[in-house]
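Following: one structure in structure tokens, then a few remarks.
There are 2 protein chains.
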Amino acid sequence: MARPRKFDEDAVLDAAVQCFWSRGYEATSIRDLIANTGLTGASLYNAFGDKRAFYQRALDHYVEGSIGERMRRCETLEPREAIESFFAEIVKRSLDDTEHKGCMLVNAALDVTSHDPAFQEVVAGVLLRIEEFFLHNVRQGQADGSVTTSLAAEDLARHLVGILMGVRVLARVRPDRALLEGAVRPALALLAAEKPGAS
Amino acid sequence: MARPRKFDEDAVLDAAVQCFWSRGYEATSIRDLIANTGLTGASLYNAFGDKRAFYQRALDHYVEGSIGERMRRCETLEPREAIESFFAEIVKRSLDDTEHKGCMLVNAALDVTSHDPAFQEVVAGVLLRIEEFFLHNVRQGQADGSVTTSLAAEDLARHLVGILMGVRVLARVRPDRALLEGAVRPALALLAAEKPGAS
DNA sequence: TCTATTTTAGAACAATCGAACTAAAATACA
DNA sequence: TGTATTTTAGTTCGATTGTTCTAAAATAGA
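Here the protein sequences come in this chain order: A and B. One point on numbering: in our numbering, the residue at position 196 of the first sequence is 1070, and numbering is uninterrupted. One point on numbering: in our numbering, the residue at position 129 of the second sequence is 1003, and numbering is uninterrupted.
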């Protein structure tokens, strides 16, 4: 019926993610987005609504492409391995992050949830997905004997989400390998602490 | 020699902390600060310099009055007790935080360090102080037998800073008692895990 | 080839931003 | 009491903010 869109929505969202990710919500202007996505103001507002809605789309895009993808990749592994490999990847990504952008979800958690309950629910939902990923693997590991049963699976999962968030924060400020690996190591040691004489 | 200041610097800094803490750096305008501190634009720029410098002063004020004070209060306790009491207070404060402001230092870590290396160093310095607080107590606890020696004191301290940051992030998004206490409990259990048959 | 429909391109909008400026007010020292 | 010095109180500045508007350009169906 009408003129088709010239731009590639996925590429535009990638560019928008880059902007919001590295600069944050407030510090990213519409003109930043225009310059980096290549589309014009009218197209942006026409296709995505306002700045807030555009951020929402960008965040979803990031979550699915980054966190969701990582969880899917770890699903094929053994429970303990899945958790360890998850954290190994987080540490590696944090150390390779020369721009110190950190994780866009964690950034969103402190940046954008404050005065927008809708965003808070979105972020809380993703955190819940991550917690359930950990919980699933912890339970599986407890069942096959590779994970300690000295603590409740729910608490272990909550602890893992906690240390995940913590590592992401630390990495933004002090991206040292010793710090990040040191912060993670006790959590992984705790998981395996079932039969303690087995060294 | 000249006209003395009418305002109370400490009260002004308290008000500034409230602004920056709840709204963040970018979202806090000079006019917000003027309205909430009670002083005028000229007085503000005259006494504190520009917005950036004012934020720096406010952050210092917060750190000394909140984090520094908490560490000082825990210094008189036994090592294990000091760590546990520290986290108990963090969880309590997070649950009582109806505004979901979280910890201003953690907010600063993700908000203001990105494109200002000076701020990054300030925040990193405070994190180091907290890490050293934990390290001191862990070492003391390992010496008197109340803390496990199955992991290096350095790693335990790093882990504790990590989970501290993590709890602060989680609380911003999902301030549930079960989540926060669940995230902390395994870390405290790990500290005590020295003689594992003692249940 | 016409026409309806939608995306483009870029200018324009009011509002707000951080910062600076001009005087008036006020006080410690002489 | 006079004077030097500093804080006050608003106003004002140019730049930038998010958003909207007006046309021109482009294409699918008739």
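Virtual Cβ for every residue (Gly too), placed ideally from N, Cα, C.
- B/T950 and B/A956 have their C-alpha atoms roughly 8 angstroms apart.
- DSSP places B/A901 outside any alpha helix (DSSP H), giving it a letter other than H or E.
- Taking a C-beta cut-off of 9 angstroms against chain A, the contacting residues of the segment 1025-1050 of chain B are L1025, A1026, E1028, D1029, L1030, A1031, R1032, H1033, L1034, V1035, G1036, I1037, L1038, M1039, G1040, V1041, R1042, V1043, L1044, R1046, V1047 and R1048, listed in chain order.
- In this structure, B/F1007 lies near B/M945, with their beta-carbon atoms less than 7 angstroms apart.
- Positions of the alpha helix (DSSP H) runs, each at least 4 residues long and wholly inside the segment 990-1020 of chain B, are given as 991-1018 in order along the chain.
- For A/L1062, no chain B residue has a C-beta closer than 7 angstroms to its own C-beta; the minimum C-beta separation is roughly 10 angstroms.
- B/S959 sits in a helix when the DSSP states are folded into three classes.
- The residues V1035, in chain order, have a CB closer than 7 angstroms to that of A/L1001 in the same chain once the five nearest residues on each side in sequence are set aside.
- Under the three-state reduction of DSSP output, B/F894 falls in the helix class.
- Between the segment 1024-1038 of chain B and the segment 1055-1062 of chain A, the count of C-beta pairs closer than 8 angstroms reaches three or more; the two stretches touch.
- For A/V1058, the enclosing alpha helix (DSSP H) stretches over residues R1051 to L1065.
- Judged by DSSP in its simplified three-state form, B/A1026 adopts coil rather than helix or strand.
- Between B/E900 and A/E973, the C-beta gap is not smaller than 7 angstroms, which leaves the two residues out of contact.
- Among the residues facing chain B, A/E1006 is not included, as its CB has no counterpart in that chain under 7 angstroms away.
- Per DSSP, B/C948 is one residue of the alpha helix (DSSP H) stretching across E943 to C948.
- In the DSSP assignment, A/S917 falls within the unbroken alpha helix (DSSP H) covering G915 to F922.
- At a Cβ-Cβ threshold of 7 angstroms, B/A932 and B/N910 do not count as neighbours.
- In this structure, A/A983 lies near B/R1046, with their beta-carbon atoms less than 7 angstroms apart.
- Its chain contains P953, R954 and V1021 as the residues whose beta carbon lies nearer than 6 angstroms to that of A/G1015, once the 5 sequence neighbours on both sides are disregarded; these appear in chain order.
- Contact with chain A is absent for B/N1011, since none of that chain's Cβ atoms lies less than 7 angstroms from the residue's Cβ.
- Nearest neighbour of A/E995 by Cα position, chosen from A/I904, A/N920, A/D924 and A/D934, turns out to be A/D934.
- B/S968 carries a helical assignment under DSSP once its states are collapsed to helix, strand and coil.
- A Cβ-Cβ separation of about 6 angstroms places B/L1044 in contact with A/M1039 under the 8 angstroms criterion.
- Taking the CA atoms as reference points, B/A1063 sits about 11 angstroms from A/A1061.
- B/A909 has a beta carbon lying at 7 angstroms or more from every beta carbon in chain A.
- If you draw a straight line from the Cα of B/R905 to the Cα of B/V886, it comes to about 14 angstroms.
- Within the segment 932-946 of chain A, no residue has its Cβ closer than 9 angstroms to any Cβ of chain B.
- Considering only A/C948, A/T902, A/A998 and A/S968, the residue with the shortest C-alpha distance to A/A1052 is A/S968.
- Rounded to whole angstroms, the separation of the alpha carbons of A/D1018 and B/F993 is 47 angstroms.
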